[in-house]
Structure formats: C-alpha cells, structure tokens
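Colleague:
Numbering (the working numbering), first residue to last: 164 to 229.
1. Taking the continuous alpha helix (DSSP H) assigned at residue 221, which residues delimit it?
2. Following the continuous alpha helix (DSSP H) through residue 168, name the residue where it begins and the one where it ends.
3. Might you give, ordered along the chain, the residues of its own chain that have their beta carbon closer than 6 Å to the beta carbon of residue 209, omitting 5 neighbours on each side?
4. Check residue 192 in the structure and name its three-state DSSP category.
5. By the three-class DSSP mapping on this structure, what secondary structure does residue 224 have?
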C-alpha cells in the first residue's frame, strides 16, 4: 500500500501507468523499426511503416520518438 499520503498514492499510480505506457512505446518503436528496414524509410511508399506510424500517433507517442 502506498500509505496515507496523497502524493505517495499519486506516485505509485503514476509509476504503474508510466511503466505500461513505456512498454507500449517500446513495442511501437520496434514495429516502426522493422517496417522501415523491410520496406524503406518513406511512409508514402511503405504501407507497413505508414500503419505503424499511425498506430504510434493513436497511442499519443511523441513525434521525437517516432
């Protein structure tokens, strides 16, 4: 249990949420990398890369990571 402190509760909930978000981002980055290696770096010519980028944007991944 995180204790009586409101901030301790927030810290624990945020830590869990950030970990899940990080795992999603890692999976999406791998998909983007594989798609770029297989079909080229241009999303207009590579449908798999375009789809991976759209998935990443739907999950609110920062553009710097994409």
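Glycine residues also receive a C-beta, built at the ideal position from the N, C-alpha and C atoms.
Modeller: Considering the structure as presented:
1. Note, residue 221: alpha helix (DSSP H), 210–221.
2. Here residue 168 belongs to no alpha helix (DSSP H), and DSSP marks it neither H nor E.
3. The beta carbon of residue 209 sits closer than 6 Å to the beta carbons of 202 and 203 from its chain, once the five residues preceding and following it are set aside; these are given in chain order.
4. Correct three-state label for residue 192: helix.
5. Secondary structure of residue 224 (DSSP, three-state): coil.
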